[in-house]
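Reading through the structure tokens given below for one structure.
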Amino acid sequence: MNDKERAAFEAMKLFGKTEERFISEAASTKAACSDGGRERSTMKGKKFLTGLAAAAVITALACSAAALTVGGLASMRERYNELETELNVPDELPRADIEKNGVEITSPAADEYAKNSDDFTEDEHEPVPVNEDEFGPGEVRLTSVVATNHSFDFTMELNTEGLGIPDGMPEGNKDGSYYIDAFLYLLGDDGERKVVAIFDCKNMARDGNIMTFAANSTGLAEAASGGCVITFGDIWFIKYTENEDGEFSKDREVVANIGREIELNADEFPPMESRYSTENATIREISFSVELCPSSLILTADENHELDELMDIFNTSRLELTLKDGTVLSDMRADFTPGKQRLISGGAVGEDRIRFDFATLVDVDEIESVRVDGVEIALG
Amino acid sequence: MEDEKIVGMFFERDEQALCETEKKYRGLCLGIAKNILNSLSDAEECFSDTLMALWNAIPPERPSDLKAYVCRVERNIAMTRLDYLTAQKRARQCEVPIGEFEEILPDGFTEEALRRVEFEATLNGFLEKLAPEQRKVFLRRYFFFDPVAEIAEDMKMSESKVKSMLFRTRKKLRSYLTGKEHGL
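Those protein sequence lines, which keep their order, are chains X and L. Going letter by letter, the first sequence gives residues 166 to 545 in the working numbering. Going letter by letter, the second sequence gives residues 80 to 263 in the working numbering.
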């Protein structure tokens, strides 16, 4: 790019500082832009789900109930298998043992918690037995949780009776799945809610009126302690529409609103363990301590830096994992080569922190060392 | 939902603000980013980043015009991505009209000159002087990067009229920038 092209490119960027009144005026001329416009939407971006989570440590959550059922973790493993296929995760990457590290649970149905909210605040409590009567029409319950310091995954069941959800997938759907919007909140001392993760719970199975969903988050905004709440909103599917020009668009079609929430107690589930660097690593003149968590690699700077500096490291550093058998696997966040094998699915950058999210849960014990931008990081 | 209410929800840290923003502006934003990056998947990633940026920025910021604010954030994120892809020589298929921007700049105009003339303030002053129709067409092309055919369709003009209007406006801005012409 020569000087003139560079200047033109800069001018093009500076057009982004056009006053809002002019932008709005011009936008008003765009046909049907306010509700999808010429490019209709797909479902919410996965990257946002990871990106909203800024960068902080979170402990695992727990339901106050015993492991009464099986199958939740198998559904979670199945969901991870799907994600690994979508992201073309290399076979050599050691996967964390979800069934060993997650916890099968059967939470009371959402309404039961709402009615007996004291249950989860007691130091000692008896598991609440679940039976058909307690899992009524329209209710949800959790069936497993898989937690790390930086992620929270769960499986859940929905009793669809009375919700009017068609038995099969509606016309226009292609991926064969329903999704449920869910939000994870921390509860403050004053009961104030703070959202730390957003999920698209994906339908994995259906047995009569009972639908099983799996939800993944690859980053949480901050540490959980005390009470937490998961809310469940719309259930929807992706509808494909072909216009008269033969072009397809995708849209989110809501079929029902769940409108339920489950209160949880934190600290009962141990998160899968992380490993930490034995000493700070200096990457592009910034000193970081490093945490290798099964869900993410987190670099924490000694002090705040310009966001652009850390964003640049996030985007352009090659991340290399050396396995105990000597195999080296690598990926770069901003390498968008179609079909390439991915270790990283996303992440987030803050003023003092960079988080690379792995495309699946990794068995950190099988990692010998990590390199970021060519800098070797020894792990304890 | 009214923008004011959505902004209020951001201030209350109500996650529904994100859903409402998505519902209302996703199509507009994907259009902007796709025009810049020529990739729907990249555009979707940009929109995700935009939602994250909004969540982080509001509060403390309180946009008086949410639609324009969202557009601006989306455009800036897409441009940053384009900048990166260009540096990596991975933006060959992007279709931003860089040649037309070159036409806007006087001969020998460099990045330093852009700073010297305080380009953004100069640009807004220039836009202020344009007739509304001219301004809308100009920004549809150079802020939203819309194809000429699409602008013509939306503005109920012929493509040749849009092209001609753009050509004349580029020429005016070029003159404005060189200081040869201060009134329109």
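Just so it is clear, CB atoms sit at the ideal spot from N, CA and C, and this is done for glycine as well.
Asked	Found
Residue range of the alpha helix (DSSP H) that residue 324 of chain X falls in?	Residue 324 of chain X -> not in any alpha helix (DSSP H); beta strand (DSSP E) instead, spanning 316 to 324.
Touching or not, the region 250 to 258 of chain X and the region 503 to 515 of chain X, by the rule of three or more beta carbon pairs under 8 Å?	yes
In chain X, which residues lie with their C-beta within 9 Å of the C-beta of residue 144 of chain L?	185, 186, 188, 189
Could you check how far apart the C-beta atoms of residue 217 of chain L and residue 245 of chain L are, in whole angstroms? I think they sit under 8 Å.	7 Å
So that I know if they touch, is there some Cβ in chain X lying closer than 8 Å to that of residue 86 of chain L?	no
What are the boundary residues of the beta strand (DSSP E) that residue 373 of chain X is part of?	Taken as a continuous stretch (DSSP letters only), residue 373 of chain X belongs to no beta strand (DSSP E), as it is neither H nor E.
According to DSSP, simplified to helix, strand and coil, what is residue 84 of chain L?	helix
Give me the DSSP bridge partner(s) of residue 511 of chain X.	X:522
Compile a chain-ordered list of the residues in the region 352 to 365 of chain X whose CB is closer than 9 Å to at least one CB of chain L.	357, 358, 359, 360, 363
By Cβ distance, which residues of its chain are closer than 6 Å to residue 441 of chain X, with the 5 residues on each side in sequence left out?	456, 545
Mind checking the region 314 to 347 of chain X against chain L and listing, in chain order, the residues whose C-beta falls within less than 9 Å of any C-beta there?	346
With respect to the beta strand (DSSP E) encompassing residue 393 of chain X, which residues constitute its N-terminal and C-terminal limits?	392 to 407
Would you mind stating whether residue 512 of chain X and residue 479 of chain X have Cβ atoms separated by less than 8 Å?	yes
Between the beta-carbon of residue 285 of chain L and the beta-carbon of residue 85 of chain L, is there less than 8 Å?	The requested residue 285 of chain L is not part of the displayed model; chain L covers only 80 to 263.
On the premise that residue 418 of chain X lies in contact with residue 402 of chain X, defined as a C-beta separation below 8 Å, what is that separation, rounded to the nearest angstrom?	6 Å
Output the boundary residues of the beta strand (DSSP E) element that contains residue 494 of chain X.	493 to 497
Near residue 205 of chain L, what residues of its chain come up, given a Cβ to Cβ distance below 7 Å and the 5 sequence neighbours on each side ignored?	252, 255
Check the Cβ of residue 234 of chain L against every Cβ in chain X and list those closer than 9 Å, keeping chain order.	194
State the DSSP-derived secondary structure class of residue 195 of chain L, mapped to helix, strand or coil.	helix
May I ask you to list the residues that DSSP assigns as paired with residue 457 of chain X?	X:440, X:462
Is it true that the region 460 to 479 of chain X meets the region 517 to 532 of chain X, where meeting means three or more beta-carbon pairs spaced less than 8 Å apart?	yes
Taking residue 154 of chain L as the reference, which of L:110, L:90, L:118 has the closest Cα?	L:110
Confirm, please, whether the CB-CB distance from residue 152 of chain L to residue 132 of chain L is below 8 Å.	yes
What would DSSP say about residue 379 of chain X, mapped onto helix, strand or coil?	strand
Quick test of the definition: if touching needs 3 or more C-beta pairs under 8 Å, does the region 528 to 543 of chain X touch the region 481 to 488 of chain X?	yes
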